[in-house]
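In our numbering, the protein residues as written are 6 to 404. We put the beta carbon where it would ideally sit given N, CA and C, even for glycine. Computed from a predicted structure; not experimentally measured. Structure first, commentary second.
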């Protein structure tokens with residue numbers, strides 16, 4: 006096996022093995038160091054000697070031995086841990102504990118930013134430098150964030166009752182969705198999207214889906230990501246300028262990804278209960294089904310947003326429903342719904358609310374109002390690509 010193939014295999018196995026060790030020994034940081042040493046040994050031996058018949062078992066055994074060696078080197082301070090580790094080291098279960106590791110990375114004591122960073126580091130296998138670049142922060146800042154997250158998990162305990170797993174899964178899905186959204190529409194910086202983050206989020210959700218294929222919300226989230234990411238090449242011009250959905254060349258959408266996403270969206274709706282990711286996937290599938298923007302079934306989109314608003318009420322859902330309502334009943338109806346968000350401190354000066362209001366005012370013929378809101382939205386966003394687009398819209402309505 007080539008070195009590149011070995012590297013791909015190791016990237017897939019690392020979270021599985023790390024999950025096993027953390028579940029067994031309960032020390033996140035020490036286990037991660039041990040797994041990295043085992044990975045280094047494998048990357049040197051396997052291309053030359055061949056991949057063992059049970060590569061995951063090989064890594065688990067070597068990593069467990071390295072962890073015990075670490076404890077021996079610090080025996081005075083960790084005598085109690087050593088006794089337990091030596092006793093349990095001979096038999097390392099050849100299991101895939103990736104989900105357990107994901108649950109730990111999304112520990113409720115961590116902030117969303119820390120959950121995201123730790124998930125990308127421990128489960129995604131990204132380096133600290135790669136994560137720092139993705140979120141436009143200094144590497145030292147990201148390293149400190151990840152280190153603090155590990156310490157908080159250590160203090161809180163690396164195990165949790167099985168009864169917590171359903172609730173923790175929802176947190177895991179939320180974190181993976183946050184990673185995807187940051188990749189699909191970067192919150193700051195010069196690029197509209199960061200493909201590496203979006204691809205990584207999809208890879209991680211595929212991993213969860215492979216382990217929980219019957220979970221409707223996991224299936225729905227994977228469908229939503231695929232249906233959304235399929236539009237990526239049409240979202241910007243060659244120079245990097247934003248292209249809104251209504252103006253995108255739909256022939257450039259990724260048809261294979263759309264087909265897979267549509268089938269997954271249908272499968273997710275076969276369950277007895279509806280969740281927010283299933284509904285969002287159904288909305289994305291409705292957009293994907295339209296050959297042109299004019300053929301979009303906006304009544305269906307609006308009906309789905311109404312259901313979504315009832316089960317997962319938040320201002321972003323209302324904002325999106327206002328767009329659909331404007332397509333069904335006219336811009337004034339959409340503007341009336343938007344006005345209900347003015348008292349929400351989370352949205353009142355948010356660039357998305359301002360930009361949608363500007364768009365609807367423009368459609369309603371209120372060009373001065375549209376100009377003012379486009380201008381305010383451009384000032385409010387930290388995304389350079391969005392800022393350029395909003396400034397250009399402001400200039401056009403003023404002409």
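Quick one: Cα of residue 155 to Cα of residue 298, how far? Start at 1 with the first residue of the chain shown, and residue 155 comes out as number 150. Start at 1 with the first residue of the chain shown, and residue 298 comes out as number 293. For residue 155 and residue 298, the distance between alpha carbons rounds to 47 Å.
Are the beta-carbon atoms belonging to residue 173 and residue 110 less than 8 Å from one another? What you label residue 173 is simply residue 168 of the chain shown in a count that begins at 1. What you label residue 110 is simply residue 105 of the chain shown in a count that begins at 1. Result no, Cβ atoms of residue 173 and residue 110 do not sit closer than 8 Å.
Note down the Cα distance separating residue 404 from residue 362, rounded to an integer number of angstroms. Position 399 of the chain shown, counted from the first residue, corresponds to residue 404. Position 357 of the chain shown, counted from the first residue, corresponds to residue 362. Residue 404 and residue 362: Cα-Cα distance of roughly 19 Å.
Whose CA, out of 391, 251 and 104, lies closest to the CA of residue 190? In the chain shown, the residue the question calls residue 190 occupies position 185. The shortest C-alpha separation from residue 190 is found at 391.
Hey, residue 103 and residue 216: beta-carbon distance below 8 Å or not? Along the chain shown, read from residue 1 onward, the residue named residue 103 stands at position 98. Along the chain shown, read from residue 1 onward, the residue named residue 216 stands at position 211. Closer than 8 Å, so yes.
Nearest to residue 74 (by Cα), restricted to the options 52, 42, 283 and 53: What you label residue 74 is simply residue 69 of the chain shown in a count that begins at 1. Measuring from the Cα of residue 74, the nearest candidate turns out to be 42.
CB residue 161 to CB residue 224, shorter than 8 Å? Here residue 161 is taken as the residue at index 156 of the chain shown, counted from 1. Here residue 224 is taken as the residue at index 219 of the chain shown, counted from 1. No, the Cβ-Cβ distance between residue 161 and residue 224 is not below 8 Å.
Length at least 4, wholly inside the region 29-84: the alpha helix (DSSP H) runs in chain order: Complete alpha helix (DSSP H) runs here, min 4: 33-54 and 60-78.
Check residue 247 in the structure and name its three-state DSSP category. To locate residue 247, count along the chain shown from 1; it is residue 242. DSSP places residue 247 in strand when its eight states are reduced to three.
Taking the continuous alpha helix (DSSP H) assigned at residue 1, which residues delimit it? Lying before the first or after the last residue shown, residue 1 is absent from the chain, which here runs from 6 to 404.
Spatially closest choice to residue 176 from 106, 245, 241 and 208, by CA coordinates: Here residue 176 corresponds to residue number 171 of the chain shown, with the count starting at 1. The residue with the shortest Cα to Cα distance from residue 176 is 106.
Which residue from 388, 370 and 356 puts its Cα closest to that of residue 379? Within the chain shown, residue 379 is the residue found at index 374, counting from 1. If we check each option's Cα against that of residue 379, 356 comes out closest.
Count the other C-beta atoms from every protein chain shown that fall within 10 angstroms of the C-beta of residue 10, then say buried if there are 16 or more, exposed otherwise. Along the chain shown, read from residue 1 onward, the residue named residue 10 stands at position 5. So residue 10 ends up on the exposed side.
Tell me the DSSP secondary structure of residue 291 in three-state form. In the chain shown, the residue the question calls residue 291 occupies position 286. DSSP places residue 291 in helix when its eight states are reduced to three.
Assign residue 297 to one of three DSSP states: helix, strand, or coil. One-based indexing of the chain shown puts residue 297 at position 292. Residue 297: coil per DSSP, three-state reduction.
Alpha-carbon spacing of residue 309 relative to residue 27, whole angstroms: In the chain shown, the residue the question calls residue 309 occupies position 304. In the chain shown, the residue the question calls residue 27 occupies position 22. Roughly 41 Å separates the two Cα atoms.
Count the other CB atoms, across all protein chains shown, that sit within 10 Å of the CB of residue 127; report buried if there are 16 or more and exposed otherwise. Counting from one through the chain shown, the residue named residue 127 turns up at place 122. Buried, because 16 or more other Cβ atoms sit within 10 Å of the Cβ of residue 127.
Leaving out the 5 sequence neighbours to the left and right, which residues in its chain are closer than 6 Å to residue 365 when beta-carbon positions are compared? To locate residue 365, count along the chain shown from 1; it is residue 360. 331, 336, 339 and 340.
Which same chain residues, not among the five before or five after residue 5, have their C-beta less than 7 Å away from its C-beta? A question about residue 5 goes unanswered here, because the residues of the chain that appear run from 6 up to 404.
Do residue 257 and residue 238 have their C-beta atoms within less than 8 Å of each other? Taking the first residue of the chain shown as 1, we reach residue 257 at position 252. Taking the first residue of the chain shown as 1, we reach residue 238 at position 233. Yes; because the gap between Cβ atoms is below 8 Å, this pair is in contact.
Proximal residues to residue 374 (C-beta, below 7 Å), its chain only, five neighbours per side dropped: Sequence index remark: in the chain shown, residue 374 carries index 369 (1-based). Same-chain partners within the cutoff: 366.
Where residue 96 falls, given that 16 or more other Cβ within 10 Å makes a residue buried: Walking along the chain shown from the start, residue 96 turns up at place 91. Note that residue 96 scores a pLDDT of 49, beneath 50, so its modelled location is shaky and nothing firm can be said.
Please return the same chain residues whose Cβ sits closer than 8 Å to the Cβ of residue 324, not counting the five positions on each side in sequence. Counted from its first residue, the chain shown places residue 324 at position 319. Correct list, in chain order: 343, 346, 352, 357, 358 and 361.
Drop a sphere of 10 angstroms on the beta-carbon of residue 316, count the other beta-carbons inside from all chains shown, and report buried for 16 or more, exposed for fewer. Residue mapping note: residue 316 aligns to position 311 of the chain shown, counting from 1. Looking at its Cβ environment, which holds fewer than 16 other Cβ atoms inside 10 Å, residue 316 is exposed.
Going by DSSP, what residues sit across from residue 411 in a beta bridge? Residue 411 lies beyond the residue range present for the chain, which begins at 6 and ends at 404; the question has no answer from this structure.
Spatial neighbours of residue 276 in its chain, beta-carbon cut-off 6 Å, leaving aside the 5 residues before and after: Translated into the one-based positions of the chain shown, residue 276 becomes position 271. Around residue 276: 221.
Use the C-beta contact count for residue 296: other C-beta atoms within 10 angstroms, 16 or more gives buried, fewer gives exposed. Counting from 1 along the chain shown, the entry for residue 296 is found at position 291. Residue 296 should be labelled exposed.
Rounded to whole angstroms, what is the Cα-Cα separation between residue 92 and residue 200? Here residue 92 is taken as the residue at index 87 of the chain shown, counted from 1. Here residue 200 is taken as the residue at index 195 of the chain shown, counted from 1. Residue confidence is low: residue 92 scores 49 on pLDDT, short of 50, so the model does not pin down where it sits. Its coordinate-derived value is still stated next. Approximately 45 Å between the Cα atoms of the pair.
Closest to residue 264 by C-alpha separation, out of 320, 228 and 385, would be which residue? Looking up residue 264 in the chain shown gives position 259. Cα-wise, what sits closest to residue 264 is 228.
Drop a sphere of 10 angstroms on the beta-carbon of residue 65, count the other beta-carbons inside from all chains shown, and report buried for 16 or more, exposed for fewer. Position 60 of the chain shown, counted from the first residue, corresponds to residue 65. It is buried - the Cβ of residue 65 has at least 16 other Cβ atoms within 10 Å.
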